[in-house]
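Structure first, then comments.
2 protein chains.
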Amino acid sequence: MNKAEILIIDDEPQIRKLLEITLESNDYKVWQAETGKAGIIMAANHPPELILLDIGLPDKSGHEILKELRTWYNKSIIILSVQNNEVDIVSALDHGATDYLTKPFRSAELLARIRSAIRRNQSNNSENKIICGDIVIDIAARVVMLNNTLLKLTATEFNLLVLLAKNEGRVLTHQYILKEIWGLGAQTETQYLRVFIGTLRKKIETDPNKPQHIFTESGVGYRFM
Amino acid sequence: MNKAEILIIDDEPQIRKLLEITLESNDYKVWQAETGKAGIIMAANHPPELILLDIGLPDKSGHEILKELRTWYNKSIIILSVQNNEVDIVSALDHGATDYLTKPFRSAELLARIRSAIRRNQSNNSENKIICGDIVIDIAARVVMLNNTLLKLTATEFNLLVLLAKNEGRVLTHQYILKEIWGLGAQTETQYLRVFIGTLRKKIETDPNKPQHIFTESGVGYRFM
DNA sequence: ATTCATCTTTATAAAATCTTTACGCCGCAG
DNA sequence: CTGCGGCGTAAAGATTTTATAAAGATGAAT
């Protein structure tokens, strides 16, 4: 249904093309950036589920990009590199890389490492399903069931619901939600959030006027129960 | 600081010894098991922060052990193997392995991958609760429980309660509270405070006329117990 | 190019919260 | 006893925040 999104940051067109074909044929939505700068901007405007980062970029060292991304981006970043040099690997992992693969990589292994990274992203509790009363969210399949009927959600609605459900019982601030779903650049756009909370409520609440799942914490954020 | 505990499951004594030396000199507490069976029992009796699992064990295939561990163990499992064979790697990762290294591995890289794996484990457990008789305040989740029922507080009420509870037993002056909650400009507005103390008492005291939590210190301020 | 679904933006009504005012209570000093 | 200052409560008024609809923009699919 909803495809997980992956951002490739790599300057070599042929590698990008190869990755694009491999990933798209495995049902990922692929975004591409040729430079580190462009990659950071793309990630900030529309945070992907995972970033594939080439360490040998022309404009900045990949290590720099990694550091910069990690100041706010907390999903998986897998490093790709021709370097099979221990110092590079250790440095990348210690600066928050999720994994490190040396080129040439084997595509089945890359895909498995991507699956593993995404799985860990989305399930801090090792559960691939979140069950919450009448709502069942299958994160891996990106599918939501409400009273055993399939719910049709857009990608953004789904991401928002997962974020809320993963933090069941906790209040998430507007800023935090906006950063996670829309990216760094959108932290002041609270109106986006109101609109999408509204559409979500229409879809998952039996009576949207008296929400049983998504509660408003006025002046602060929202809480999912 | 507490040492993170790592369980090594490997049948080759020299590898275990090598790992032991490497890990202990990097401030981990090391447990060892020679067989998969023994490893599972040790992990069950005393779950470590991370497991290093050799895939080529004599008693059971490492894949079996991995599957069995993953039925209940949800921290990191790093696979060590002489196999550099793609099918094995993909299978291990898809069955929940956190990472996969082929022997001979470089110890700095192994250590970096261990740090990365442990870091991801721990990222989500910042428990920060204030417990005060029948009141439990979870600051991170922005939740207050009174006798195990969720209390609905506005943002200002919550901030005020947290301030009081953080200074349990101490008298906080009007000025200080006003400065902390409303900011420097409001230090003379003691009436705000009276109103909000009133609404808080209504919500957390069984009998607001005889407060058990928020005590008035006439002429000075308030004290939370 | 056109259509369709989705996302973004704007406008406005409704709700929640905060601020302010008013008044009554109590203890205490005169 | 009376008046005063600090306190508590209620409620009106002001402000902020939220909900919802709907129009415009975007972008993918045909």
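If you read the sequences in order, they're chains A and B. When we follow the numbering used here, the leftmost residue of the first sequence carries the number 1, and every step to the right adds one. When we follow the numbering used here, the leftmost residue of the second sequence carries the number 1001, and every step to the right adds one. Don't be surprised by glycine CBs; every beta carbon is placed ideally from N, CA and C. From a predicted model like this one, the values you see are computed outputs, not experimental measurements.
Is residue 223 (chain A) helix, strand or coil when you go by DSSP?
Locating residue 223 (chain A) in the first sequence gives position 223, counting from the first residue. In the structure shown, residue 223 (chain A) sits in a strand (DSSP, three-state: E or B).
Minimum Cβ-Cβ distance from residue 1120 (chain B) to chain A less than 8 Å:
Taking the second sequence and counting its residues from 1, one reaches residue 1120 (chain B) at position 120. Output row for residue 1120 (chain B): interface = yes.
To the nearest angstrom, report how far apart residue 28 (chain A) and residue 17 (chain A) are at their CA atoms.
Counted from its first residue, the first sequence places residue 28 (chain A) at position 28. Counted from its first residue, the first sequence places residue 17 (chain A) at position 17. In a straight line, the C-alpha of residue 28 (chain A) is about 14 Å away from that of residue 17 (chain A).
Rounded to whole angstroms, what's the CA-CA distance from residue 1079 (chain B) to residue 1100 (chain B)? Just pull it up for me.
Against the second sequence, residue 1079 (chain B) aligns to sequence position 79. Against the second sequence, residue 1100 (chain B) aligns to sequence position 100. Straight-line Cα distance between these residues: approximately 5 Å.
Residue 203 (chain A), DSSP secondary structure in three states:
As a position in the first sequence, residue 203 (chain A) is number 203, starting the count at 1. Looking at residue 203 (chain A) - three-state DSSP - the assignment turns out to be helix.
Bridge partners for residue 1029 (chain B) per DSSP, in chain order?
Stepping through the second sequence from its first residue, residue 1029 (chain B) is reached at position 29. Answer by DSSP bridge pairing, in chain order: B:1005.
If we ignore side chains and look at the alpha-carbon of each, how far apart do residue 1152 (chain B) and residue 1136 (chain B) end up?
The residue you call residue 1152 (chain B) lines up with position 152 of the second sequence. The residue you call residue 1136 (chain B) lines up with position 136 of the second sequence. Distance between the alpha carbons of residue 1152 (chain B) and residue 1136 (chain B) is about 13 Å.
Between the Cα of residue 1044 (chain B) and the Cα atoms of B:1032, B:1061, B:1073 and B:1063, which residue gives the shortest distance?
Position 44 of the second sequence, counting from 1, holds the residue named residue 1044 (chain B). Checking every option, the nearest Cα to that of residue 1044 (chain B) belongs to B:1073.
Got a sec: is the Cβ-Cβ distance from residue 138 (chain A) to anything in chain B below 8 Å?
Within the first sequence, numbered from 1, the residue matching residue 138 (chain A) stands at position 138. By this cut-off, residue 138 (chain A) is not an interface position.
Which same chain residues end up closer than 7 Å to residue 3 (chain A) when comparing Cβ atoms and leaving out the 5 residues on each side of it in sequence?
Within the first sequence, numbered from 1, the residue matching residue 3 (chain A) stands at position 3. If we look at residue 3 (chain A) and ignore the five residues flanking it on each side, its Cβ neighbours are 27, 28 and 29.
Near residue 67 (chain A), which residues of its chain fall below 7 Å by C-beta distance, leaving aside the five closest residues on each side in sequence?
Position 67 of the first sequence, counted from the start, is the residue given in the question as residue 67 (chain A). Cβ within range, chain order: 95.
Contacts of residue 170 (chain A) in chain B (Cβ-Cβ under 9 Å):
Here residue 170 (chain A) refers to the residue found at position 170 when the first sequence is read from its first residue. By Cβ distance, chain B contributes 1138, 1140, 1141, 1142 and 1143.
Closer than 9 Å by beta-carbon distance: list the chain B residues that pair up with residue 219 (chain A), in chain order.
Working through the first sequence from its first residue, we reach residue 219 (chain A) at position 219. The contacting residues are 1154, 1155 and 1156.
Could you work out which residues of chain B lie near residue 90 (chain A), taking near to mean beta carbons separated by less than 8 Å?
Position 90 of the first sequence holds residue 90 (chain A). Ordered by position in chain B, the residues that pass the 8 Å Cβ test against residue 90 (chain A) are 1108, 1109, 1111 and 1112.
When you compare only the Cα positions, how much space is there between residue 1114 (chain B) and residue 1076 (chain B)?
As a working note, residue 1114 (chain B) is residue 114 in the second sequence. As a working note, residue 1076 (chain B) is residue 76 in the second sequence. Rounded to the nearest angstrom, the two C-alpha atoms are 9 Å apart.
If I follow the unbroken beta strand (DSSP E) through residue 153 (chain A), where does it start and stop?
The residue labelled residue 153 (chain A) in the question sits at position 153 within the first sequence. In the DSSP assignment, residue 153 (chain A) falls outside any beta strand (DSSP E), carrying neither H nor E.
Own chain partners of residue 55 (chain A) with C-beta closer than 6 Å, once the 5 adjacent residues on each side are dropped
Residue 55 (chain A) sits at position 55 when you count from the first residue of the first sequence. Result list for residue 55 (chain A): 62, 79 and 81, in chain order.
Kindly list, in the order they appear in chain B, the residues whose Cβ is closer than 7 Å to that of residue 86 (chain A).
Looking up residue 86 (chain A) in the first sequence gives position 86. What residue 86 (chain A) touches in chain B: 1106, 1108 and 1109.
May I have the straight-line CA-CA distance separating residue 89 (chain A) from residue 21 (chain A), to the nearest angstrom?
Along the first sequence, one-based indexing puts residue 89 (chain A) at 89. Along the first sequence, one-based indexing puts residue 21 (chain A) at 21. Rounded to whole angstroms, residue 89 (chain A) to residue 21 (chain A) spans 26 Å at the Cα level.
Residue 81 (chain A) - containing beta strand (DSSP E), residue span:
Position 81 of the first sequence, counting from 1, holds the residue named residue 81 (chain A). Here the beta strand (DSSP E) through residue 81 (chain A) covers 76–81.
Would you identify the three-state DSSP class for residue 51 (chain A), choosing helix, strand or coil?
For the purposes of this step, residue 51 (chain A) is identified with residue 51 of the first sequence, where counting begins at 1. It is a strand residue.
Ends of the alpha helix (DSSP H) at residue 100 (chain A)?
One-based indexing of the first sequence puts residue 100 (chain A) at position 100. Run containing residue 100 (chain A): none in the alpha helix (DSSP H); it sits in the beta strand (DSSP E), 99–102.
For residue 1012 (chain B) and residue 182 (chain A), the rounded distance between their alpha carbons
Taking the first sequence and counting its residues from 1, the one referred to as residue 182 (chain A) is at position 182. Taking the second sequence and counting its residues from 1, the one referred to as residue 1012 (chain B) is at position 12. Cα-Cα distance, rounded: 50 Å.
Could you please give me the residues that DSSP links to residue 173 (chain A) through a beta bridge?
On the first sequence, residue 173 (chain A) is found 173 positions in, with the first residue counted as 1. DSSP lists A:221 as partners of residue 173 (chain A).
With burial defined as no fewer than 16 other Cβ atoms inside 10 Å of the residue's Cβ, what is the status of residue 1046 (chain B): buried or exposed?
Translated into positions along the second sequence, residue 1046 (chain B) becomes position 46. By the neighbour-count definition (other C-beta atoms within 10 Å, threshold 16), residue 1046 (chain B) is an exposed residue.
8 Å Cβ cut-off: residues of chain B touching residue 146 (chain A)
For the purposes of this step, residue 146 (chain A) is taken as the residue at position 146 of the first sequence. None at all; the shortest Cβ gap to chain B is about 23 Å.
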